[in-house]
Amino acid sequence: MQKLLLLEDDVSLIDGLTYSLVKNGFEVKVARTVAEAERLIAGHICFDLFLFDVTLPDGNGFTLCEKLRSSGTQTPIIFLTASDEETNVIRGLDCGGDDYITKPFKLGELCSRIRALLRRSSCADTGNKVLTSEELSVYLAEGRVLLRGETLELTGAEYRLLCLLLGNKGRILTRSMILDKLWDGAGNFVDDNTLSVYIHRLREKLEKDPSQPEHLKTVRGIGYQWKE
């Protein structure tokens with residue numbers, strides 16, 4: 073049974089979410105503060121996915137997400153946010169979140185998003201396989217990325233996107249193909265704007281001149297291509 077950590081301080085929402093998630097086959101641990109969540113994460117429970125509210129009594133989900141990513145944690149994170157403003161969406165993605173859902177939301181949609189992320193993050197048998205492109209190396213078994221010999225810090229979504237592009241070097245991937253591979257079966261839960269944010273962030277981290285990318289190329293009207 074896959075284990076989820078729900079960080080939320082709204083008691084009425086906690087009850088409904090917990091009931092629905094358990095009914096859908098998940099095991100749920102609940103934290104109502106950032107401090108309580110940190111204690112659970114520091115324990116011996118291995119969580120498969122985190123559900124973080126943004127505004128909490130002793131902090132916010134963005135800060136906790138940044139802390140987890142800086143420690144090397146790649147567990148998928150979905151933000152439960154009361155605002156769908158672009159600045160909040162970008163902040164959530166930029167700090168390492170994999171997805172966000174705006175309150176109020178349908179529980180069925182949330183469960184679908186959870187399953188999609190869990191599918192994408194499930195550990196395939198990668199052995200010691202390494203994806204390379206000139207000065208860039210991705211060690212799949214370790215989830216580690218090196219650029220010119222230095223460790224490159226990527227969010228979970230950025231890492232999966234990079235692996236998809238490197239694994240299809242020279243091939244043009246349509247936007248719909250990328251959304252389908254990275255998120256759910258129809259690409260319904262991540263729009264084009266969100267994908268554009270991921271592409272922009274990857275270029276900022278990988279390209280010597282992000283405004284004139286040498287590797288992560290845009291194929292106008294179609295999608296993207298990784299070129300040597």
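Taking our numbering, the leading residue of the sequence shown gets 73, the next gets one more, and so forth. The C-beta atom is built at its ideal place from N, Cα and C for all residues, glycine as well.
Inter-residue CB distance, residue i and residue j (contact presumed, cutoff 8 Å)
| i | j | result |
| --- | --- | --- |
| Thr-153 | Lys-175 | 7 Å |
| Phe-134 | Cys-183 | That belief does not hold up - the Cβ atoms of Phe-134 and Cys-183 are roughly 23 Å apart, past 8 Å. |
| Gly-295 | Leu-245 | 5 Å |
The beta strand (DSSP E) enclosing residue i, as first and last residue numbers
| i | result |
| --- | --- |
| Val-291 | 288 to 291 |
| Gln-297 | 295 to 298 |
| Glu-99 | 99 to 103 |
| Asp-281 | Neither: Asp-281 is in no beta strand (DSSP E) and is coded neither H nor E. |
Selection from the options that minimises the alpha carbon distance to residue i
| i | options | result |
| --- | --- | --- |
| Lys-178 | Val-83, Ser-92 and Glu-214 | Ser-92 |
| Leu-189 | Arg-104, Gly-239, Val-291 and Leu-233 | Leu-233 |
| Ile-186 | Gly-115, Leu-77 and Leu-245 | Leu-77 |
| Val-100 | Phe-122, Glu-276 and Val-106 | Phe-122 |
| Val-83 | Asp-125, Gly-239, Ala-114 and Lys-201 | Asp-125 |
| Asp-170 | Leu-245, Gly-293, Leu-226 and Ile-86 | Leu-226 |
| Ser-268 | Leu-251, Glu-279 and Gln-284 | Leu-251 |
Endpoints, the alpha helix (DSSP H) within which residue i is located
| i | result |
| --- | --- |
| Asp-264 | 264 to 278 |
| Lys-139 | 133 to 142 |
| Asp-87 | 83 to 95 |
| Val-106 | 106 to 114 |
Neighbour-count burial assignment, residue i, 16 or more Cβ in a 10 Å radius
| i | result |
| --- | --- |
| Arg-273 | buried |
| Ala-229 | buried |
| Glu-181 | exposed |
| Pro-129 | exposed |
| Gly-115 | exposed |
| Arg-163 | buried |
| Val-102 | buried |
| Cys-118 | exposed |
| Ala-107 | exposed |
| Glu-80 | buried |
| Val-217 | buried |
| Arg-141 | buried |
| Val-161 | buried |
>> Which runs of the beta strand (DSSP E) at least 3 residues long sit entirely within the segment 196 to 257? Give them in chain order.
In response: 202 to 205, 208 to 211, 216 to 219 and 244 to 246
>> Quick check on the DSSP output: what are the complete alpha helix (DSSP H) runs of length 4 or more inside the segment 151 to 194, in order along the chain?
In response: Taking only runs of at least 4 residues, the alpha helix (DSSP H) segments lying wholly in the segment 151 to 194 are 158 to 166 and 179 to 193.
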